[in-house]
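S.K.: Take a look at this one; I'll ask things after.
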Amino acid sequence: MDKARLFIASSVESLSVAEAINVNLDHDMEVTIWKNGTFNLSSSTIDDLVKKTSSVDFALFIFTPDDLVTIREKEINIVRDNVLFELGLFIGAIGKERCFILKPRGVELHLPTDLLGVSPADYDPDRSDDDLISSTNRACTLVRKEVKRLGVIGRVSISASKKIIANPQNYDLKTPDLAFLAAALSTHTQHPEGVAFHVLSSNVTEFDQNRLQITAIKLERMNLLEKTIEVDNQYDGEYYSYKITNDGIDILLKNEHLFDTVPPTEVPSGFDDIDF
-13 MDKARLFIAS SVESLSVAEA INVNLDHDME VTIWKNGTFN LSSSTIDDLV
37 KKTSSVDFAL FIFTPDDLVT IREKEINIVR DNVLFELGLF IGAIGKERCF
87 ILKPRGVELH LPTDLLGVSP ADYDPDRSDD DLISSTNRAC TLVRKEVKRL
137 GVIGRVSISA SKKIIANPQN YDLKTPDLAF LAAALSTHTQ HPEGVAFHVL
187 SSNVTEFDQN RLQITAIKLE RMNLLEKTIE VDNQYDGEYY SYKITNDGID
237 ILLKNEHLFD TVPPTEVPSG FDDIDF
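Numbering of the sequence shown is given in our numbering, commencing with residue -13 and proceeding in unit increments.
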């Protein structure tokens, strides 16, 4: 059974809490701590976040009193804006019940009115031993129960329902493009999670790498390849993964004659001419 994928968002000040949650849940699910979004919300960051929403099953947001504002002549603690933005983005993508909130126990936070009915999990930020792993263990147990109840999101169904391109780009397909697309066919027959660019390009070695990068961009814009952000658990990093789309398969089927191979001619051994 595939592990559920959990996205964790926090401010810079709360990264230690996010890392404690990662330790608690590492054996149960694939955890990604969103460090890129802790500094600013540039246009490129937002694009990456939108792509990330299509590749995870759950999201957890750490609400801590990072900022102090004055409302009606009263100073109150509020959550960092980027964390609230990310919460709204993921609620819209994967649903409210798949998004969890964690806050320090005993701390009052001013929340947007849309979240007033939500009951966040909490943790003890003031343990005498400063053991955040133990402090967040109860909250992680609650997360595990919900993950088990809801299960992972069907990647095929969510992709089919959300990946709608009304007017895809139309470029001429050349030999390198078709060869690269053919290499991606394994993502339909063997690797449904997709494969990295270097894996695909290693199967099309007769073409220059720069040419193949242009090919990858072209095929994605034509909706013949789908690109998502995946997590490399071995090296704790993220990479772009490519999968062939139904439109891409149709292109290959229409051009399958280009991939027909002539069986090798049998070379006589020479022994047939010898009399025994």
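Virtual Cβ for every residue (Gly too), placed ideally from N, Cα, C.
Short check: CB of Ser105 to CB of Thr50, under 8 Å?
M.R.: Contact: no.
S.K.: Could you spell out the range, first to last residue, of the beta strand (DSSP E) harbouring Ser227?
M.R.: Element bounds for Ser227: 223 to 230.
S.K.: Look at Leu238 and Leu128 and say whether their C-beta atoms are less than 8 Å apart.
M.R.: It is not a contact, given that the beta carbons lie outside the stated cut-off.
S.K.: Measure from the alpha carbon of Ser(-3) to the alpha carbon of each residue in Asn10, Phe44, Leu88, then state which is nearest.
M.R.: Here the closest residue by C-alpha is Leu88.
S.K.: Would Arg(-9) and Ser40 qualify as a contact pair, given that the criterion is a beta-carbon distance under 8 Å?
M.R.: No, they are not a contact pair.
S.K.: For Met208, list the residues DSSP reports as bridge partners.
M.R.: DSSP lists no partner for Met208.
S.K.: Are the segment 196 to 207 and the segment 0 to 11 touching, with three or more C-beta to C-beta distances below 8 Å?
M.R.: The segment 196 to 207, when compared against the segment 0 to 11, does not touch it at the 8 Å Cβ threshold.
S.K.: Tell me whether Ser121 sits in a helix, a strand or coil according to DSSP, three-state version.
M.R.: Helix.
S.K.: Per DSSP, Val(-2) forms a beta bridge with which residues?
M.R.: Note: Val(-2) sits in no beta bridge, so no partner.
S.K.: Here's a check: name, in chain order, each residue in its chain whose Cβ is nearer than 8 Å to the Cβ of Ile19, leaving out the five neighbours to either side.
M.R.: Once the five neighbours on either side are set aside, the close Cβ partners of Ile19 are Ile(-6), Ser(-4), Leu1, Ala4, Glu5, Asn8.
S.K.: What is the DSSP secondary structure of Ala202, reduced to helix, strand or coil?
M.R.: Looking at Ala202 - three-state DSSP - the assignment turns out to be helix.
S.K.: How about Asn209 and Asp233: do their beta carbons lie closer than 8 Å?
M.R.: Yes; because the gap between Cβ atoms is below 8 Å, this pair is in contact.
S.K.: Looking at the structure shown, is Thr191 part of a helix, part of a strand, or coil, going by DSSP?
M.R.: Here Thr191 sits in coil by DSSP.
S.K.: Is Pro51 helix, strand or coil by DSSP?
M.R.: Of the three classes helix, strand and coil, the one that applies to Pro51 here is coil, per DSSP.
S.K.: Could you check the C-alpha separation between Lys213 and Phe183 for me, to the nearest Å?
M.R.: Using only the alpha carbons, I get a separation of about 10 Å.
S.K.: Check whether chain D comes within 8 Å of His184, counting only Cβ atoms and requiring the distance to be less than that.
M.R.: No chain D is present in this structure, which holds just one protein chain.
S.K.: Would you report the Cα separation of Gly23 and Phe86, rounded to the nearest angstrom?
M.R.: Because the pLDDT at Gly23 is just 47, under 50, the model does not fix this residue reliably, and the value given afterwards should be weighed accordingly. If I take the Cα positions, the gap works out to 18 Å.
S.K.: So, is His243 buried or exposed, given that buried needs 16 or more other C-beta atoms within 10 angstroms?
M.R.: Exposed, by the Cβ-count rule.
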